[in-house]
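Going line by line, the protein sequences match chains A and B.
Just so it is clear: in the first sequence, position 86 is 83 by our numbering, and no numbers are missing.
Just so it is clear: in the second sequence, position 347 is 344 by our numbering, and no numbers are missing.
Ideal Cβ placement from N, Cα and C applies to all residues, glycine included.
Structure record follows, encoded as structure tokens.
2 protein chains.
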Amino acid sequence: MKAVGIIVEYNPFHNGHSYHLQASKEAAKADIVIAVMSGNFLQRGEPALVSKWLRTKMALLGGVDIVIELPYQFASQKAETFANGAVSILDSIGCQSLCFGSESGDISSFLKTVDFIEMNKHTYDENIKSFIQTGVSYPKALSLSFQAMSSTNNLVDLSKPNNILGIQYIRALKQQKSPVMPLTIKRKNAEYHDEHFATETIASATSIRKALFSPTMEQTSINQYVPVETSQLLKEYHEYFGTFHEWENYWTLLKFRILQSNPEELRTIYEVEEGLENRILAVALESNSFRGFMEKLKTKRYTWTRLQRMCVHILTNTKKTEMAKFSEKASYLRLLGMTSCGKEYLKKNKSHLSLPLISKLSAYKQKEILLDIKATQIYSLGVGNQLANELIQQEFKQPPIIITKER
Amino acid sequence: MKAVGIIVEYNPFHNGHSYHLQASKEAAKADIVIAVMSGNFLQRGEPALVSKWLRTKMALLGGVDIVIELPYQFASQKAETFANGAVSILDSIGCQSLCFGSESGDISSFLKTVDFIEMNKHTYDENIKSFIQTGVSYPKALSLSFQAMSSTNNLVDLSKPNNILGIQYIRALKQQKSPVMPLTIKRKNAEYHDEHFATETIASATSIRKALFSPTMEQTSINQYVPVETSQLLKEYHEYFGTFHEWENYWTLLKFRILQSNPEELRTIYEVEEGLENRILAVALESNSFRGFMEKLKTKRYTWTRLQRMCVHILTNTKKTEMAKFSEKASYLRLLGMTSCGKEYLKKNKSHLSLPLISKLSAYKQKEILLDIKATQIYSLGVGNQLANELIQQEFKQPPIIITKER
């Protein structure tokens, strides 16, 4: 059985994702699709709309065959770290290829770009350093450095977040000497960050979330952009828990944690760069909402996303020393769910997996997975007190979700 | 001008307190009454019903002339530490006497008891150690040790919390070689812990709080036990903030802080004794309320009060290393309020004060006071998000409360 790997967040699963996974399967001539999916906290430093279990269900109903959790140590991270973790998982589970969406749909321009960067690595890195010294953010410096060097037209536009991810996937594959082949398909939907509905059936996850949180918009307004299963599952979750998860649900917890810390303690938290700690304390003291806090905290130097990721680490109390201990590659495969085809694949390939496959949490006690458990516990506190414990318990009791499906 | 000192919490101020302060003034033949009052967290390890500022107003309207805050480092502490801090403040502000309430009203029995303990200190301490090894709590061991030694009838009953405090006040005065003279008056009200209304006008603060939190009891039911000003101020506070402060208001914050910690980190918190950290983590995980948490956490070894104090320190993130640095005596006098008489007293005695008198927070930046500020910030989060900031700001902006009063 041939497997194609994809790297996803599904926040929430929508028609664009459905298209992406079918097209990936075709492009790779694969029998099954394996998704590495961020857990409860996402790459942009946000809590996921709904729990990883519900997003797994959406994924399986939408056509994915196996869902593996991208561990916390890789999930709320810059593109490079995120890519390293995700790629190492797809490699170890035996995918023949990795297929990502891009504006161009042209893999050769990606391969060329990676080669170009590697050949000019020294200049590239030096340029990045110089741009950072001018006070711009890291992603901006990356893009500017690249622009300053590249004159040929066949290279990828590194000012687009999705392209940066694509480049990082390929760099990670090379670096890890992985046999997994990179593929790309042309994205059908709007720009990644687009907040407005763009076409008749495809909209960005950002615009869908915006609609879900809008007090004036009916939830049904998203129906044309998501599979009926997504719509139904979102509705049930919201009815049961009374809320979707968003940063404002965690604002009092974040503020509390900041106010109970002194600058020295804050500085031990991962991503709290020297000098930021006093600013965080002062701004938290006078803010009444997460949005207000972020707007005051934001500078030219740090992107919104970068600061949000830092806030996730403050919330989960993740220390610099802790993260420094971890390897650049994943050390386990946490199985969140599978279809009957996915099950068949795992049965056949069991003996070839290069990492332990975890179906039951109680059976495994590595340091890294404790971080996932903690993240889930904290994430659970985003719903009311009584219901939070249900989400907490689910982490320990939920076996992988299985969807029976005709091949 | 002659000043008598009293040590109070006023949670809330009631008729028993009113009686105590008048009787103290008479017994001491004093012109004014100076109260050392716990800030927002109290000796039994609880958040105060209402802020220290409102309780200061109650105290001044009830007859106290000067209110000084007992710093956090002494407030949520065992009797000995609590007494050391409070006594050092009364001494440094120039009180001639300290008057406390007791069951007997007989100071000679207290003095005798203190002498007896000191003469038999070695046996006393050895006994305490032995009793602790049998698994009982520290206060219980103290009382049992004492019982095992004393056969004479003229000694004080150390199984009563108020008597223990009295004894500790006298020991602190002796230890600090203070010229402040100890006095006691007979308590008029019910037992300290009594949860039921006892007489027609005097009730314990515990029973008053119970009535205030009872969903079925009207707030007016407390009116016969408290001065009209207390009743009015409580009503206004509750109407404005929508709540009184109680542990349940802080439960999600406490749970969050526990769940985001690992055992090693929990063990750095003051009063988290070795071995307790894993228990705290396990119990927090399965609890949905502070009460439920405490009931599961409670053992014969630790009193409810002792564990509640520990929870206060987890909430405020107060470390063992931090507390170890502090002196046994207070290092500043934080003035919360005064009457015109109190003002006159301070004016006359200004030059004799042995500690800095702080009226404006911005003027003073000692380590110890940072702990009070932090405690207030955390305490403030016990009301809704928007209103919390008002309580936080008050800590910096509120000048001492002044009540004009005829002499």
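Listed by chain order, chain A residues near residue i by CB distance under 9 Å
| i | result |
| --- | --- |
| phenylalanine 238 of chain B | Under the 9 Å cutoff, chain A gives no residues; its nearest Cβ is about 15 Å from phenylalanine 238 of chain B. |
| threonine 313 of chain B | Gln257 |
| isoleucine 375 of chain B | Phe253, Leu256 and Gln257 |
| lysine 463 of chain B | No statement about residue 463 of chain B is possible, as the shown extent of chain B runs from -2 to 404 and does not include it. |
Chain-ordered chain A contacts of residue i [CB-CB under 7 Å]
| i | result |
| --- | --- |
| leucine 282 of chain B | Ile389 |
Where residue i meets chain B, residues with beta-carbon distance less than 8 Å
| i | result |
| --- | --- |
| isoleucine 378 of chain A | The question names isoleucine, yet the displayed sequence has leucine at residue 378 of chain A. The contacting residues are Thr249, Lys252, Phe253 and Leu256. |
Straight-line gap, residue i to residue j (C-alpha atoms, nearest Å)
| i | j | result |
| --- | --- | --- |
| alanine 83 of chain A | lysine 174 of chain A | 14 Å |
| asparagine 117 of chain A | leucine 155 of chain A | 15 Å |
| leucine 367 of chain B | valine 111 of chain B | 35 Å |
| glycine 2 of chain B | isoleucine 90 of chain B | 9 Å |
| phenylalanine 97 of chain B | phenylalanine 71 of chain B | 18 Å |
| glutamate 77 of chain A | threonine 296 of chain A | 22 Å |
| proline 224 of chain B | proline 397 of chain B | 22 Å |
| isoleucine 370 of chain B | methionine 320 of chain B | 15 Å |
| phenylalanine 128 of chain B | arginine 264 of chain B | 25 Å |
| leucine 58 of chain B | isoleucine 255 of chain B | 40 Å |
| arginine 426 of chain A | glutamate 292 of chain B | In the structure as shown, chain A starts at -2 and stops at 404, and residue 426 of chain A therefore has no counterpart that could be examined. |
| phenylalanine 253 of chain A | phenylalanine 113 of chain B | 47 Å |
| asparagine 213 of chain A | lysine 207 of chain A | According to the sequence provided, residue 213 of chain A is threonine. The question's asparagine does not apply to it. Taking the straight line from one Cα to the other gives about 11 Å. |
| serine 21 of chain B | glutamate 268 of chain A | 57 Å |
| glutamine 395 of chain A | asparagine 386 of chain A | 13 Å |
| leucine 278 of chain A | glycine 272 of chain A | 11 Å |
| lysine 126 of chain A | serine 258 of chain B | 36 Å |
| leucine 388 of chain B | threonine 315 of chain B | 21 Å |
| tyrosine 299 of chain A | glutamate 270 of chain A | 10 Å |
| glutamine 172 of chain B | serine 142 of chain B | 21 Å |
| leucine 251 of chain A | serine 48 of chain A | 20 Å |
| glutamate 233 of chain A | methionine 55 of chain A | 13 Å |
| tyrosine 376 of chain B | serine 284 of chain B | 22 Å |
| lysine 157 of chain B | alanine 327 of chain B | 26 Å |
Own chain residues within Cβ distance below 7 Å of residue i, not counting five before or after
| i | result |
| --- | --- |
| alanine 372 of chain B | Gly36, Asn37, Phe38, Tyr69 and Thr313 |
| glycine 102 of chain A | Thr181, Ile182 and Lys183 |
| asparagine 151 of chain A | Ser106 and Lys109 |
| glutamine 391 of chain B | Trp50 |
| glutamate 325 of chain A | Asn81 |
| alanine 202 of chain A | Asn8, Pro9 and His11 |
| glutamine 363 of chain A | Ser328 and Tyr329 |
Close beta carbons around residue i, own chain, < 6 Å, minus the five adjacent residues each side
| i | result |
| --- | --- |
| aspartate 62 of chain A | Ile29, Val30, Thr336, Cys338 and Gly339 |
| isoleucine 355 of chain B | Tyr329, Arg331 and Tyr361 |
| alanine 45 of chain A | Asn8, Asn37 and Leu39 |
| glutamine 74 of chain A | none |
| glutamate 66 of chain B | Gly36, Arg331 and Leu333 |
| phenylalanine 79 of chain A | Gln40 and Phe71 |
Neighbour list for residue i in chain B, Cβ cutoff strictly below 9 Å
| i | result |
| --- | --- |
| leucine 386 of chain A | Correcting the residue identity first, residue 386 of chain A is asparagine in this sequence and not leucine. In chain order: Leu282, Glu283, Ser284 and Asn285. |
Partner residues on chain B for residue i, Cβ-Cβ distance less than 7 Å
| i | result |
| --- | --- |
| lysine 340 of chain A | Those within 7 Å of lysine 340 of chain A in chain B number zero; the least Cβ separation is about 31 Å. |
The ligand COA heavy atom lying under 7 Å from the CB of residue i
| i | result |
| --- | --- |
| cysteine 96 of chain A | The model depicted lacks the ligand COA and carries no ligand whatsoever. |
Residue i at chain E interface by Cβ criterion, 8 Å
| i | result |
| --- | --- |
| asparagine 382 of chain A | Looking for chain E here will not work: the only protein chains present are A and B. |
Contacting residues, own chain, Cβ-Cβ under 8 Å from residue i (five flanking each side not counted)
| i | result |
| --- | --- |
| isoleucine 205 of chain A | Pro9, His11, Ile219, Tyr222 and Val223 |
| leucine 95 of chain A | Val1, Gly2, Ile3, Ile4, Val84, Leu87, Tyr166, Leu170, Val177, Met178, Pro179 and Leu180 |
| histidine 119 of chain B | none |
| glycine 42 of chain B | Ser73, Thr302, Arg303, Leu304, Gln305, Arg306, Met307, Cys308 and Val309 |
| glutamate 245 of chain B | Ser286, Phe287 and Arg288 |
| glutamine 19 of chain B | Gly60 |
| cysteine 92 of chain A | Ala0, Val1, Gly2, Ile31 and Val177 |
| alanine 27 of chain A | Lys(-1), Ala0, Val1, Ser21, Gln93 and Ser94 |
Neighbouring residues, chain A, relative to residue i (Cβ below 8 Å)
| i | result |
| --- | --- |
| lysine 371 of chain B | Leu256 and Gln257 |
**Report entry** Segments assigned beta strand (DSSP E), at least 3 residues, entirely inside the segment 49 to 95 of chain A
**Finding:** As far as the segment 49 to 95 of chain A is concerned, its whole beta strand (DSSP E) runs of at least 3 residues are 63 to 67.
Query raised in the report: Below 8 Å, can you find three or more Cβ-Cβ pairs linking the segment -2 to 17 of chain B to the segment 219 to 230 of chain B?
Result: yes
Query raised in the report: Which runs of the alpha helix (DSSP H) spanning at least 4 residues fall entirely within the segment 315 to 356 of chain B, listed in chain order?
Result: 317 to 321 and 337 to 346
Requested in this report: May I ask you to verify whether the segment 123 to 143 of chain B touches the segment 290 to 309 of chain B, counting CB pairs closer than 8 Å and requiring at least 3?
Outcome: yes
Query raised in the report: Is it true that the segment 237 to 245 of chain B meets the segment 373 to 383 of chain B, where meeting means three or more beta-carbon pairs spaced less than 8 Å apart?
Result: yes
Query - Completely contained beta strand (DSSP E) runs for the segment 121 to 186 of chain A, where each covers 3 or more residues - result: Those beta strand (DSSP E) runs which fall completely within the segment 121 to 186 of chain A and span 3+ residues are 178 to 183.
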